[in-house]
Amino acid sequence: MTEPAITVRPATSADRAEVHRVLRQLHPDLPEELTLPRVRQEARTFVAHDQDAVVGVGVATFVDYGYGAYGMIEELVVDAQSRGAGVGRALLDECRGWLMGLGAEVVFVSAVDEGAAGFYRTAGFSDCTGPWLFVR
Ligand SMILES: CC(C)(COP(=O)(O)OP(=O)(O)OC[C@H]1O[C@@H](n2cnc3c(N)ncnc32)[C@H](O)[C@@H]1OP(=O)(O)O)[C@@H](O)C(=O)NCCC(=O)NCCS
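With my numbering, letter number 28 in the sequence shown gets 40, and the count goes up by one each step, no holes.
Put into structure tokens, the structure is as follows:
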């Protein structure tokens, strides 16, 4: 038997009902009002500053495709001379609060090294386990 020719293309709003039907195989409790083609995405950059200059930057992104909204802390860095004084935590709290306020159910971060991972663990983050996989 020959395989059917399959084409992959971006979905349009005309596909909504069929998208819903197929996704229900993965999420049986999917809400009726899912609007998959209309993904809500937002990003915000936060700065921490003292009286003279910016001393730290945080960048957060938010994604909501109608089921399981989540956020990412994309960048978080504090000037070397300003570290250890609560600036990183203040930026992290602001990014996290903004993401949760938008409706994020979970916030992810990728730590550059074990030191950064320790900073996030101290703030309550847990190492990813379970179903998460990645590719570079
Ligand atoms: C990681 C980084 C953002 C932390 O910023 P910071 O301003 O020095 O951190 P804070 O002073 O706000 O620390 C907040 C808390 O985290 C703790 N902490 C900081 N670094 C830590 C580490 N390496 N391991 C464990 N805990 C740590 C602090 O002890 C403090 O705890 P407390 O609230 O109980 O006193 C900063 O060191 C940095 O910019 N590093 C280089 C870039 C980087 O690694 N960014 C992370 C993105 S992957």
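All C-beta atoms in this analysis are idealised placements derived from N, C-alpha and C, irrespective of residue type, glycine included. Here the structure is a predicted model, which means the values were calculated and not measured.
Return the first residue and the last residue of the alpha helix (DSSP H) that residue i is part of.
| i | result |
| --- | --- |
| residue 100 | 99-114 |
| residue 120 | Careful: residue 120 lies outside any alpha helix (DSSP H), inside the beta strand (DSSP E) at 118-121. |
| residue 34 | 28-35 |
Can you find a heavy atom of ligand 1 that lies under 7 Å from the Cβ of residue i?
| i | result |
| --- | --- |
| residue 128 | yes |
| residue 100 | yes |
| residue 36 | no |
| residue 122 | yes |
| residue 134 | yes |
| residue 95 | yes |
| residue 111 | no |
If I follow the unbroken beta strand (DSSP E) through residue i, where does it start and stop?
| i | result |
| --- | --- |
| residue 127 | Here residue 127 belongs to no beta strand (DSSP E); instead the alpha helix (DSSP H) covers 126-134. |
| residue 61 | 52-61 |
| residue 72 | 66-76 |
| residue 18 | Here residue 18 belongs to no beta strand (DSSP E), and DSSP marks it neither H nor E. |
Taking its Cβ as the centre, do 16 or more other Cβ atoms sit within 10 Å of residue i, making it buried, or is it exposed?
| i | result |
| --- | --- |
| residue 108 | buried |
| residue 146 | exposed |
| residue 18 | exposed |
| residue 59 | exposed |
I believe residue i touches residue j by the beta-carbon criterion, under 8 Å. Please report the beta-carbon distance rounded to the nearest angstrom.
| i | j | result |
| --- | --- | --- |
| residue 44 | residue 114 | The Cβ separation is near 22 Å, so there is no contact. |
| residue 39 | residue 79 | 6 Å |
| residue 57 | residue 66 | Rounded, the Cβ-Cβ distance is 11 Å, inconsistent with contact. |
Against chain D, with Cβ distances strictly below 8 Å, would residue i count as a contact?
| i | result |
| --- | --- |
| residue 108 | Judged by its chain identifiers, the structure shown contains no chain D, having just a single protein chain. |
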